[in-house]
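Residue numbers (the working numbering): 11 to 299.
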Amino acid sequence: ATLRELGNLHGIPLYKSFVEGWPQVEAFQARPDDLLISTYPKSGTTWLSEILDMIYQDGDVEKCRRDAIFNRVPFLEMKAPQIPSGVEQLEKTPSPRLVKTHLPVHLLPSSFWDKNCKVIYMARNPKDVVISYYYFYQMAKMHPDPGTLAEFLETFMAGKVAYGSWYEHVQGWWEKKHEKQLLYLFYEDMKKDPRQEVQKILRFLGKEVAEGTVERILHHTSFQEMKKNPAANYETMPTTLMDHSLSPFLRKGISGDWKNHFTVAQNERFDQHYQKHMAGSDLSFQMEA
Ligand code: A3P
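Structure, rendered in structure tokens:
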């Protein structure tokens, strides 16, 4: 039971093993050509990671199948018994590296700012995030029991889930977008027009690729392709960590699935909470795409 209890990282609820590994993460030495992929959990991290690896491999699908996504794009603050930590994995990764994090902006190791690393942040509307997180809490074994959806909605709104408040996360990173090296993307835009978003990423990275390469990237990173790709769908994770029979990692991959889960009353309560916590921010979300 204790394994499934969340610890506390400077006020943020987080897996206890990650909290234990924190000194290594805080002291992490970024390299100037590191690209940081930053997201709140369940916002399209794996999708964005696969897109970026495809760009880095110049559209070579076979190279992108070389290993599981969680090894191709190491997870900075990851620490679990018996496997190399994110920091250990990164130290062995040749440059240019792709680095994944879910840390709130104020906890990002300072080395990323000192080295002026590029960052791509992806945000997703909180109603779809909370539903996706609810299923993830069930299938990924490091989480406490989420209880009923009604209970989990309260836990989420109170910021008592792993990585804390979604509201603070998306706004904290949004405030950094004025810094030239940060590209802020939305899951809903990627759903609506992936070609346009991939072009945005290419411009941000200062990369040019052949038109055929863009086609291959879009095809290889579609939900259908990723769902059946063992290097992208997390199926190779030990079943002690993830149980895909409870919910697949690539579950639905749509915008607006919250409508199949929220009651009218839950939706009203969520909207009120959302408005209160987003007031004063110029950040806004499409709740469907
Ligand atoms: P759902 O649970 O709503 O299906 P993360 O990678 O940050 O954990 O996010 C996981 C969510 O992104 C899941 O959402 C997953 O299905 C979705 N996702 C992953 N790859 C995708 C793709 N290629 N297209 C659309 N959604 C994708």
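Glycine included, each C-beta is placed from N, C-alpha and C at the ideal position.
What residues in its chain sit with their C-beta under 6 angstroms from that of residue i, if we drop five residues either side in the sequence?
{"i": "L251", "result": "K151"}
{"i": "Y3", "result": "Missing from the structure shown is residue 3; the chain here goes from 11 to 299 and no further."}
{"i": "P91", "result": "none"}
{"i": "K201", "result": "S265 and A299"}
{"i": "Q320", "result": "No information on residue 320 is available, as it lies outside the stretch 11 to 299 that the chain covers here."}
{"i": "S212", "result": "Looking at the sequence provided, one finds Leu at residue 212 rather than Ser. There are no such residues."}
{"i": "G263", "result": "F233"}
Can you list, in chain order, the residues of its chain whose CB lies under 7 angstroms from that of residue i, leaving out five sequence neighbours each side?
{"i": "Y145", "result": "S257 and R261"}
{"i": "V139", "result": "Y50, K52, S53 and W176"}
{"i": "H254", "result": "M149 and E245"}
{"i": "H229", "result": "E235"}
{"i": "S121", "result": "F38, Q39 and A40"}
Buried or exposed, going by whether 16 or more other CB atoms sit within 10 Å of the CB of residue i?
{"i": "A40", "result": "buried"}
{"i": "S265", "result": "buried"}
{"i": "A133", "result": "buried"}
{"i": "H179", "result": "buried"}
{"i": "T111", "result": "buried"}
{"i": "R14", "result": "exposed"}
{"i": "K137", "result": "buried"}
{"i": "A242", "result": "buried"}
{"i": "D281", "result": "exposed"}
{"i": "K89", "result": "buried"}
{"i": "I22", "result": "buried"}
{"i": "A168", "result": "exposed"}
{"i": "P104", "result": "exposed"}
{"i": "D77", "result": "exposed"}
{"i": "G174", "result": "buried"}
{"i": "Q285", "result": "exposed"}
{"i": "N239", "result": "buried"}
{"i": "T249", "result": "exposed"}
{"i": "D44", "result": "buried"}
What span of residues does the beta strand (DSSP E) with residue i cover, start to end?
{"i": "S48", "result": "L45 to T49"}
{"i": "Y25", "result": "I22 to Y25"}
{"i": "N18", "result": "L16 to L19"}
At what residues does the alpha helix (DSSP H) containing residue i begin and finish?
{"i": "M64", "result": "T55 to Y66"}
{"i": "V224", "result": "E221 to H230"}
{"i": "A165", "result": "First, the amino acid is wrong: residue 165 is Thr here, not Ala. Residues L159 to M167."}
{"i": "E72", "result": "V71 to C74"}
{"i": "N277", "result": "V274 to M288"}
{"i": "R213", "result": "P204 to L215"}
{"i": "H179", "result": "W176 to E185"}
{"i": "F259", "result": "Counting along the chain, F259 falls outside any alpha helix (DSSP H), and DSSP gives it neither H nor E."}
{"i": "S291", "result": "Element bounds for S291: n/a, residue is neither H nor E."}
{"i": "W320", "result": "Because the chain is modelled from 11 through 299, residue 320 falls outside the range shown and cannot be assessed."}
{"i": "W301", "result": "Lying outside 11 to 299, the shown extent of the chain, residue 301 is not represented and no answer is given."}
{"i": "Q234", "result": "F233 to K237"}
{"i": "F80", "result": "I79 to R82"}
Based on the DSSP secondary-structure assignment, which residues constitute the bridge partners of residue i?
{"i": "F196", "result": "A133"}
{"i": "L108", "result": "L45"}
{"i": "I93", "result": "A90"}
{"i": "A150", "result": "M252"}
{"i": "K128", "result": "L45"}
{"i": "F85", "result": "K110"}
If you drop the 5 nearest sequence neighbours on each side, which residues of the same chain put their C-beta closer than 8 angstroms to that of residue i?
{"i": "G157", "result": "T165"}
{"i": "T56", "result": "I79, M236, A242, Y244, F259 and L260"}
{"i": "V83", "result": "I47, S59, L62, D63, L108, V109 and K110"}
{"i": "R226", "result": "M64, G69 and V71"}
{"i": "N126", "result": "P42 and Q191"}
{"i": "V29", "result": "G17, N18 and L19"}
{"i": "G182", "result": "P114, V115 and H116"}
Could one say the Cβ of residue i lies closer than 8 angstroms to chain D's Cβ atoms, at least one of them?
{"i": "F214", "result": "In the structure shown, chain D cannot be found, because there is only a single protein chain."}
(request) Collect the residues with a C-beta less than 6 angstroms away from any heavy atom of the ligand A3P and give them in sequence order along the chain. (result) T49, P51, K52, S53, G54, T55, T56, W57, D138, S142, Y145, T231, S232, F233, M236, L260, R261, K262, G263 and D267
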